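**Q**
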Amino acid sequence: MDGYWSGVLKARLSRRRALVAGGAGVLGGALAAACGGGGGGDEAAGKGLVSNPVDTASKAKRGGIWKNVVSNEAISLDQITGNFGVQFHTAHTYSRLARYEIGTVDDPPDGSMEPDAATSWESSPDGLTWTFKLRQGMKWDERSPTSSRPLSTEDVKLSWDKFAELSTSRSQLANSATPDAPVQSVTAPDSNTVVFKLAFPFSAFMKSLNYPWHFSIMPKEAFTGGFDPKSDMRGTGPWMLTKYEPSVGYEYRRNPNWYDAAKRPFLDGIEYRIMTEAATREAQFLSKNLWTLGADTMAQPDPNSLTRIKQAAPGAQIYGISPFVGNGSQIFLGFSKKPDSPWYTDVRLRRAVSMLLDRDAWIDTFGNVSGLQAEGIAVETAWNSHVPSTWPTIWLDPKAGKLGEHSKWFQHNPDEAAKLLRAADKFGWEQPYTYHGSGGFGGETLRKQNEVMAQMLQEGGHFKLQVRSNLIYDTDFRPNYLWAKGQYDGICCNHPLGSWPDWDLAFWSAWTPGSRNDWVGQPLPRAHDLMVQHRREFDEKKRIEIAQEWQKILAEDMWLVSYPGNWTVFEMAWPWLGNSGFYQPWVGASAAPEEYIHLWYDQEKEKA
Numbered sequence: 201m202d203g204y205w206s207g208v209l210k211a212r213l214s215r216r217r218a219l220v221a222g223g224a225g226v227l228g229g230a231l232a233a234a235c236g237g238g239g240g241g242d243e244a245a246g247k248g249l250v251s252n253p254v255d256t257a258s259k260a261k262r263g264g265i266w267k268n269v270v271s272n273e274a275i276s277l278d279q280i281t282g283n284f285g286v287q288f289h290t291a292h293t294y295s296r297l298a299r300y301e302i303g304t305v306d307d308p309p310d311g312s313m314e315p316d317a318a319t320s321w322e323s324s325p326d327g328l329t330w331t332f333k334l335r336q337g338m339k340w341d342e343r344s345p346t347s348s349r350p351l352s353t354e355d356v357k358l359s360w361d362k363f364a365e366l367s368t369s370r371s372q373l374a375n376s377a378t379p380d381a382p383v384q385s386v387t388a389p390d391s392n393t394v395v396f397k398l399a400f401p402f403s404a405f406m407k408s409l410n411y412p413w414h415f416s417i418m419p420k421e422a423f424t425g426g427f428d429p430k431s432d433m434r435g436t437g438p439w440m441l442t443k444y445e446p447s448v449g450y451e452y453r454r455n456p457n458w459y460d461a462a463k464r465p466f467l468d469g470i471e472y473r474i475m476t477e478a479a480t481r482e483a484q485f486l487s488k489n490l491w492t493l494g495a496d497t498m499a500q501p502d503p504n505s506l507t508r509i510k511q512a513a514p515g516a517q518i519y520g521i522s523p524f525v526g527n528g529s530q531i532f533l534g535f536s537k538k539p540d541s542p543w544y545t546d547v548r549l550r551r552a553v554s555m556l557l558d559r560d561a562w563i564d565t566f567g568n569v570s571g572l573q574a575e576g577i578a579v580e581t582a583w584n585s586h587v588p589s590t591w592p593t594i595w596l597d598p599k600a601g602k603l604g605e606h607s608k609w610f611q612h613n614p615d616e617a618a619k620l621l622r623a624a625d626k627f628g629w630e631q632p633y634t635y636h637g638s639g640g641f642g643g644e645t646l647r648k649q650n651e652v653m654a655q656m657l658q659e660g661g662h663f664k665l666q667v668r669s670n671l672i673y674d675t676d677f678r679p680n681y682l683w684a685k686g687q688y689d690g691i692c693c694n695h696p697l698g699s700w701p702d703w704d705l706a707f708w709s710a711w712t713p714g715s716r717n718d719w720v721g722q723p724l725p726r727a728h729d730l731m732v733q734h735r736r737e738f739d740e741k742k743r744i745e746i747a748q749e750w751q752k753i754l755a756e757d758m759w760l761v762s763y764p765g766n767w768t769v770f771e772m773a774w775p776w777l778g779n780s781g782f783y784q785p786w787v788g789a790s791a792a793p794e795e796y797i798h799l800w801y802d803q804e805k806e807k808a
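Numbering (the working numbering), first residue to last: 201 to 808.
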């Protein structure tokens, strides 16, 4: 495997030199072939390959079942105790008090809120009391045991109580979980009113409370034995789960009891097949058994296969997603936080790891950047700091030196890394290097990315890694590494930071003790105080300045090392899925109730 990936990286470097010399047509698909994809063709072949999404809502008709796919199976359907895969599904069904306003490619979303289960809300002048008025006439699923009964404040209160007691995200909001969280109590003074009492004014309260990974409203029957929320759902949202078959898929249908059912959704339903292998998804898309290969479900086509799929399916559409939009996620390499671990006590070791990553080579390889550009397809790229490039308002570009003197730790510099390791008497250090090999997120592509980084750390003799890549995500990797608060040995890959509606949530999901992920073990010097300040600051310009100062501190201390960066992500869709790519949610986690309701089935285009 080491030799294989050496070949990939050498092919990438050779190709890049040839492109600079004007020889793109000679090399054709060298890197794409090395990575397992098809390729070839001259630059003109790429002209017109990428479509511009358009609004076709004025032509929309009702009907059609969207044939979709998910790349992994959720561990359950319980919104409170589940992970990211669970909450993708629960967002279809369970309402929130408010939701994010949808945007478009022409008018991107800005995080503004609009009514959902609550029609209005207000904050007291001191910011410590938030009062919500529930939507009148809002009904639960018509099926037993909810049987179309009205939504009640009892449902909201009980859902909060269970969230504060059991949710893996409770430390984001529940003061009972940590004093840094805002919500002290939730009460229902009458049948139409819910009141949240806060311990301190919290600038991101509405965005955080209404994030699908956080608080959603479940029926009281989910907690009193009416049905098992781990295997079924009864909601008030735009979609109803009508079938779940383990290892096969999920089926949703339009909810006739949804408050806006007279207008949306256009589709009759959505069916997700579970397909973990990219080759299977590709074959089913080419057979038109799938309508889309999308990033929302982590099923987008491999960049090395993109033009080959397009050649085989010329009628399919390609849409690009810029690496500078979307409030997207990123992944980190973590290090042991055991009290006696040199990783914890010596910043030179962490900086050395960062400097051994050839970020441009890694991005070019896994984004097939040179290959797609040779086909005439424009690809944007960016290095991540400890903030991903998809947060452009606060992201500081390390490649451009925006992190000041500590930008140098992001540069590929094996010689300087060697000096740091020798000064620490750790050159050639033998260390465990761990990631999950099955289940969870990322699939085969993420495993290959981890293999490449392992080689980068070893190829100059800087480290000798004991690679453990056979861990099962749910039973071993997640409890013993990802959520183990750094109490493992060596280097641990695959620390994900999700797609958040406000950067406050990123701060408090991982970068503080007692948080959902807790990557740091103890409050970070200097950085923690900035996080507290950011949480209580309401001036958006000042919040950006605080987040950027935090970035500079993290660049200096390098407690974790971000995976190298981002590139334009391409999705594919058959043209009969109307409005595909046009509507843009504030965060991907809320796509089902905010974006998917605007998609529609254009039967005439399927017949064409």
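Note that beta-carbon positions come from the ideal geometry of N, C-alpha and C, so glycine has one too. Since the structure is predicted, the reported quantities are computational estimates derived from the model, not experimental observations.
#1: Measure the alpha-carbon distance for Thr545 versus Leu671 and round it to whole angstroms.
#2: Per the DSSP calculation, Arg735 is bridged to which residue(s)?
#3: Could you tell me whether the stretch 700 to 719 touches the stretch 395 to 414, where touching means 3 or more Cβ pairs closer than 8 angstroms?
#4: I want to know whether the stretch 629 to 639 touches the stretch 566 to 582 - three or more CB-CB distances under 8 angstroms.
#5: Check whether the stretch 545 to 561 touches the stretch 755 to 768, taking contact to mean three or more Cβ pairs, one atom from each stretch, closer than 8 angstroms.
#6: Kindly say whether Arg464, judged by its beta-carbon, lies nearer than 8 angstroms to any beta-carbon of chain C.
#7: Considering only residues of the same chain and omitting the five flanking positions on each side of Pro592, which have a CB-CB separation below 8 angstroms?
#8: Is Ala233 helix, strand or coil by DSSP?
#9: DSSP on Ser258, reduced to helix/strand/coil?
#10: Please state the DSSP three-state secondary structure of Met653.
#11: The beta strand (DSSP E) that contains Glu314, what's its start and end?
#12: Mind the definition here: the stretch 682 to 689 touches the stretch 715 to 735 only if three or more C-beta pairs lie below 8 angstroms; say whether that holds.
#13: Is the beta carbon of Val395 sitting closer than 8 angstroms to the one on Thr329?
#14: Does the stretch 377 to 389 touch the stretch 356 to 364, meaning 3 or more C-beta pairs lie closer than 8 angstroms?
#15: Quick one: is Leu409 buried, meaning 16 or more other Cβ sit within 10 Å of its Cβ, or exposed?
#16: Out of Ala618, Gly643, Thr424, which has the shortest C-alpha to C-alpha gap to Gly660?
#17: Where do the ends of the alpha helix (DSSP H) carrying Ala291 lie?
#18: My output table needs one value for Trp266: the three-state DSSP class, helix, strand or coil.
#19: Would the beta-carbon of Leu249 fall within 8 angstroms of that of Ile753?
#20: Cα-Cα, which of Asn650, Arg349, Thr331 is closest to Gly337?
#21: Would you mind giving the Cβ-Cβ distance between Val270 and Ile474, rounded to the nearest angstrom? I have them listed as a contact below 8 angstroms.
#22: What residue does the beta strand (DSSP E) around Glu771 start on, and which one ends it?
#23: Alpha carbon to alpha carbon, how far is Thr346 from Ser431? Give it in angstroms, no decimals.
#24: Spatial neighbours of Leu277 within its chain, please: C-beta separation below 8 angstroms, excluding the five flanking residues on both sides.
#25: Closer than 8 angstroms is the cut-off here; do at least three beta carbon pairs connect the stretch 513 to 520 with the stretch 771 to 782?
#26: Please report the Cβ distance between Phe641 and Met498, rounded to the nearest whole angstrom; I am assuming they are in contact, meaning their Cβ atoms lie under 8 angstroms.
#27: Quick check: Trp774 and Lys510, are their CB atoms within less than 8 angstroms of each other?
#28: Going by DSSP in three states, Val587 sits in which element: helix, strand or coil?
#29: Excluding the 5 residues preceding and the 5 following Ser367 in the sequence, name in chain order all residues of the same chain whose CB lies nearer than 6 angstroms to its CB.
#30: Rounding to the nearest angstrom, what Cα-Cα distance links Lys664 and His612 in this structure?
#31: If you draw a straight line from the C-alpha of Glu421 to the C-alpha of His728, how long is it?
#32: Hey, Trp253 and Pro793: beta-carbon distance below 8 angstroms or not?
#33: Look at the alpha carbon of Thr436 and the alpha carbon of Leu657, and state the distance between them as a whole number of angstroms.
#34: Alpha carbon to alpha carbon, how far is Ala374 from His156? Give it in angstroms, no decimals.
#35: Give me, in chain order, the residues of the same chain whose beta-carbon lies closer than 8 angstroms to that of Arg736; leave out the 5 immediate sequence neighbours on both sides.
#36: Exposed or buried, which one is Leu231 when buried takes at least 16 other CB atoms within 10 Å?
**A** In brief:
#1: Each residue's alpha carbon lies about 27 angstroms from the other.
#2: The partner list for Arg735 (beta bridge, DSSP) is empty, contrary to what the question assumes.
#3: yes
#4: no
#5: Yes: the two stretches touch, three or more of their Cβ pairs being nearer than 8 angstroms.
#6: Absence of chain C from the displayed structure is noted, only one protein chain being present.
#7: Phe524, Val525
#8: Unreliable positioning characterises Ala233 in this predicted model, as indicated by a pLDDT of 32, which lies under 50. The coordinate reading is nonetheless provided below. In this structure, Ala233 counts as helix in the three-state DSSP scheme.
#9: helix
#10: DSSP places Met653 in helix when its eight states are reduced to three.
#11: 313 to 315
#12: yes
#13: yes
#14: yes
#15: buried
#16: Ala618
#17: Under the DSSP assignment, Ala291 falls in the alpha helix (DSSP H) whose first and last residues are 284 to 293.
#18: strand
#19: no
#20: Arg349
#21: Between Val270 and Ile474 the beta-carbon gap is near 6 angstroms, inside 8 angstroms, which marks them as a contact.
#22: 769 to 773
#23: In a straight line, the C-alpha of Ser431 is about 16 angstroms away from that of Thr346.
#24: Val286, His289, Thr290, Pro429, Lys430, Ser431, Asp432, Met433, Leu441, Tyr444
#25: yes
#26: 7 angstroms
#27: In terms of Cβ geometry, Trp774 and Lys510 do not form a close pair [threshold 8 angstroms].
#28: coil
#29: The residues are Ile280.
#30: 19 angstroms
#31: 40 angstroms
#32: The residue asked about is misnamed: residue 253 is Pro in this sequence, not Trp. Not closer than 8 angstroms, so no.
#33: If I take the Cα positions, the gap works out to 50 angstroms.
#34: Outside the shown range of the chain (201 to 808) lies residue 156, about which nothing can therefore be said.
#35: Phe400, Pro401, Phe402, Ser403
#36: Caution applies to Leu231, whose pLDDT of 29 falls short of 50 and renders its modelled position unreliable; the model cannot decide the point.
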